[in-house]
Amino acid sequence: MSGVVVNLYDAAGVLVGTTTTNDDGFYVFTDLLAGAAYTIEFVKPDGTTLTTPNVAGGDDALDSDAPADTGKVEFIAPASGTNSASEPDNPTIDAGLVTLVSVGDYVWLDTNRDGLQSDGEDPVSGVVVNLYDAAGVLVGTTTTNDDGFYVFTDLLAGAAYTIEFVKPDGTTLTTPNVAGGDDALDSDAPADTGKVEFIAPASGTNSASEPDNPTIDAGLVTLVSVGDYVWLDTNRDGLQSDGEDPVSGVVVNLYDAAGVLVGTTTTNDDGFYVFTDLLAGAAYTIEFVKPDGTTLTTPNVAGGDDALDSDAPADTGKVEFIAPASGTNSASEPDNPTIDAGLVKFNLSLSKALSTSGAIHPGDVVSFILTPHNDGPADALAGWTVTEVLPGGLSLVSMSGAGYSCSGRRASRRGASAGSDGPTITVVAKVTGTGDQRNVACIDRATGDGDEVIPLGPVPPSGTDTEATPTDNDAMADLVATSEVLPQTGADLIATATLGFGLILLGGSWCSSPAGGTRRARQV
Numbered sequence: 036m037s038g039v040v041v042n043l044y045d046a047a048g049v050l051v052g053t054t055t056t057n058d059d060g061f062y063v064f065t066d067l068l069a070g071a072a073y074t075i076e077f078v079k080p081d082g083t084t085l086t087t088p089n090v091a092g093g094d095d096a097l098d099s100d101a102p103a104d105t106g107k108v109e110f111i112a113p114a115s116g117t118n119s120a121s122e123p124d125n126p127t128i129d130a131g132l133v134t135l136v137s138v139g140d141y142v143w144l145d146t147n148r149d150g151l152q153s154d155g156e157d158p159v160s161g162v163v164v165n166l167y168d169a170a171g172v173l174v175g176t177t178t179t180n181d182d183g184f185y186v187f188t189d190l191l192a193g194a195a196y197t198i199e200f201v202k203p204d205g206t207t208l209t210t211p212n213v214a215g216g217d218d219a220l221d222s223d224a225p226a227d228t229g230k231v232e233f234i235a236p237a238s239g240t241n242s243a244s245e246p247d248n249p250t251i252d253a254g255l256v257t258l259v260s261v262g263d264y265v266w267l268d269t270n271r272d273g274l275q276s277d278g279e280d281p282v283s284g285v286v287v288n289l290y291d292a293a294g295v296l297v298g299t300t301t302t303n304d305d306g307f308y309v310f311t312d313l314l315a316g317a318a319y320t321i322e323f324v325k326p327d328g329t330t331l332t333t334p335n336v337a338g339g340d341d342a343l344d345s346d347a348p349a350d351t352g353k354v355e356f357i358a359p360a361s362g363t364n365s366a367s368e369p370d371n372p373t374i375d376a377g378l379v380k381f382n383l384s385l386s387k388a389l390s391t392s393g394a395i396h397p398g399d400v401v402s403f404i405l406t407p408h409n410d411g412p413a414d415a416l417a418g419w420t421v422t423e424v425l426p427g428g429l430s431l432v433s434m435s436g437a438g439y440s441c442s443g444r445r446a447s448r449r450g451a452s453a454g455s456d457g458p459t460i461t462v463v464a465k466v467t468g469t470g471d472q473r474n475v476a477c478i479d480r481a482t483g484d485g486d487e488v489i490p491l492g493p494v495p496p497s498g499t500d501t502e503a504t505p506t507d508n509d510a511m512a513d514l515v516a517t518s519e520v521l522p523q524t525g526a527d528l529i530a531t532a533t534l535g536f537g538l539i540l541l542g543g544s545w546c547s548s549p550a551g552g553t554r555r556a557r558q559v
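For the sequence shown, the residue numbers in the working numbering are 36 to 559.
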């Protein structure tokens, strides 16, 4: 390299000579005192540094001697020589220079998450950026300025380095190296490490304002949170109301736009759930998994407060949404606190009593009183039904009750049923046979209502042998005493009639039939 300044100092440190390298990079000092102590100083040109000196095993005539920090080499002049200006008596004191280069670019907020610097996307200041050498040693650290710009100068041309972008709290790094992207505009840092390995340019100006490598940048994405409550919607209005209890232990799942499960949690004792670290502006789906014996209440009721209404439909329990564009990613105060779910839990049961007293004969008309009940705690939707089965020895005369629409053997409730006894139903039947008669009735939810705690199984058809062992898929409790009708023979007539209450569980739901004691009558 030509034009490099080289100084010569005597043993006292006095400058006794100065020169510059010629076009061949050659310098020379003559007229040194043989055997005297001197120091040669190589003055590094701007944008350069001195290479590694005195490499092990190197040829002293070919290696570099000047250390990078001072550029000075102490030596003893030869004891003898020719004092030649073309063939120096000591031709071993030389210096290798290395070009210094710069690297720098921007950190920005990738609002649209496309991995590219786009118009209107804001820079991010104060982001810590670190520089490591090939051995992994930290050799530089800086922060982005108000324009999101960072720069490192004085890198060794052609050397290997790593730049690390330290993600600020509440952010992550966007998709790096998008296909087809402009390398000067795309993001380079992976989200897991934030580190980018690279080779410094072979040449450059080492500029701090126009980096020799202006392509290593990073796009940040804001992280946000979503969360709300799961509660028991006792009045089934689809809204969180005073006095309605939270539901703990409910599983809540989070899926990304591709349908991949990216998070799962359960509600706490307050019925609260939360997901943090969602990508701002990204599409997600939350799924509420209904606990056994529950269903989801009416979602998105008209005129309801979105922070208080239930959002999850009963069929899937899934709510699609777009994460907020900005936020604090708080786990206690979610950026989106509106995605919640109201649960409904009810169970219908039925009691039945024979209200006709005295001896019962073929041809007689008897009455049964059916009392529906909702074990709650939530209401059962209007339209739940009571079905009278009737064995082969009884035929239906009528079925009636206030607040019911009755057709044939079925009564449908016109209003909701809260956690209490509903209006009674009177069933009138004519005795057409003799012997034991087991009369069963069943209660079932309205079409479109949620599942009961104990759902109803198949209802026996009318006229079947209801004294056969019921078929169920949960359990069976048979507390039935039969009503016996004997032929009229002129002898004593014994009839067993209902004095109490008994239940049969069919298919996991309660059905009712008479149970009780015995009356005796004499035919005259």
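The beta-carbon is built from N, C-alpha and C at its ideal position, and this holds for glycine as well.
Query raised in the report: Apart from the five residues on each side of it in sequence, which residues of its chain come closer than 7 Å, Cβ to Cβ, to Thr115?
Result: Checking the displayed sequence, the identity of residue 115 turns out to be Ser instead of Thr. The answer, listed in chain order, is Ala69.
Requested in this report: Return yes when the C-beta of Val90 is under 6 Å from any heavy atom of the ligand NAD, and no when it is not.
Outcome: No copy of the ligand NAD appears in this structure; indeed no ligand is present at all.
Report task. Quick one: which unbroken beta strand (DSSP E) runs of 3-plus residues sit fully inside the segment 123-167? Chain order, please. Result -> 132-144
Report task. Report the rounded CA-to-CA distance for Asp513 versus Gly427, giving the unit in angstroms. Result -> Caution applies to Asp513, whose pLDDT of 25 falls short of 50 and renders its modelled position unreliable; the model cannot decide the point.
Query raised in the report: So, helix, strand or coil for Ser430, using DSSP?
Result: strand
**Report entry** Neighbourhood of Gln152 by C-beta, 6 Å cutoff - its chain only, sequence neighbours within 5 removed
**Finding:** Trp143 and Leu220
Query raised in the report: Under a three-way DSSP split, which group does Phe381 fall into?
Result: coil
Requested in this report: Would you kindly report the start and end of the unbroken beta strand (DSSP E) that includes Gly298?
Outcome: Leu296 to Thr301
Query raised in the report: Under the DSSP definition of a beta bridge, which residues are partnered with Val309?
Result: Gly262
Query raised in the report: At what residues does the beta strand (DSSP E) containing Glu355 begin and finish?
Result: Lys353 to Ile357
Query raised in the report: Beta-carbon separation of Phe64 and Leu43 under 7 Å?
Result: yes
Query raised in the report: What's the gap between the Cα of Thr459 and the Cα of Val400?
Result: 19 Å
Report task. May I ask you to verify whether the segment 72-88 touches the segment 125-140, counting CB pairs closer than 8 Å and requiring at least 3? Result -> yes
**Report entry** Euclidean distance between Cα positions of Ala72 and Thr127
**Finding:** 15 Å
Query raised in the report: With Thr257 and Gly205 assumed to form a contact (beta carbons below 8 Å), what rounded beta-carbon distance in angstroms separates them?
Result: 7 Å
Query raised in the report: CA-CA distance, Thr506 and Lys380?
Result: Residue confidence for Thr506 is low, a pLDDT of 30 falling below 50, so the modelled location carries little weight; the figure read from the coordinates is stated next. Using only the alpha carbons, I get a separation of about 25 Å.
Report task. Compare the beta carbon distance of Val309 and Ala360 with 7 Å and say whether it is the shorter of the two. Result -> no
**Report entry** Run of the beta strand (DSSP E) containing Leu289, from where it starts to where it stops
**Finding:** Val286 to Asp291
Requested in this report: Count the other CB atoms, across all protein chains shown, that sit within 10 Å of the CB of Val425; report buried if there are 16 or more and exposed otherwise.
Outcome: Correcting the residue type first, residue 425 is Leu in the shown sequence and not Val. The residue is buried, with at least 16 neighbouring Cβ atoms inside 10 Å.
Query raised in the report: Hey, how far is the Cα of Thr300 from the Cα of Val282?
Result: 14 Å
**Report entry** The beta strand (DSSP E) enclosing Asp45, as first and last residue numbers
**Finding:** Val40 to Asp45
Report task. Following the continuous beta strand (DSSP E) through Ile234, name the residue where it begins and the one where it ends. Result -> Lys230 to Ile234
Query raised in the report: Should Ser345 and Ala376 be called a contact, given that it needs their Cβ atoms to be closer than 7 Å?
Result: yes
Report task. Leaving out five residues on either side along the sequence, give the residues of the same chain with a beta carbon under 6 Å from the beta carbon of Arg445. Result -> Thr420 and Thr422
Query - Buried or exposed by the 16-neighbour rule on C-beta atoms within 10 Å, applied to Leu313 - result: buried
Query raised in the report: Contact between the segment 231-241 and the segment 185-201: three or more CB pairs below 8 Å?
Result: yes
Query raised in the report: Quick one: Cα of Asp223 to Cα of Thr74, how far?
Result: 47 Å
Query raised in the report: When the Cα atoms are used, what is the spatial distance from Thr311 to Asp291?
Result: 13 Å
Requested in this report: Drop a sphere of 10 angstroms on the beta-carbon of Met36, count the other beta-carbons inside from all chains shown, and report buried for 16 or more, exposed for fewer.
Outcome: exposed
Requested in this report: Spatial neighbours of Gly457 within its chain, please: CB distance less than 8 Å, with the 5 preceding and 5 following residues excluded, ordered by chain position.
Outcome: Thr406, Pro407, His408, Asn409, Gly438 and Arg448
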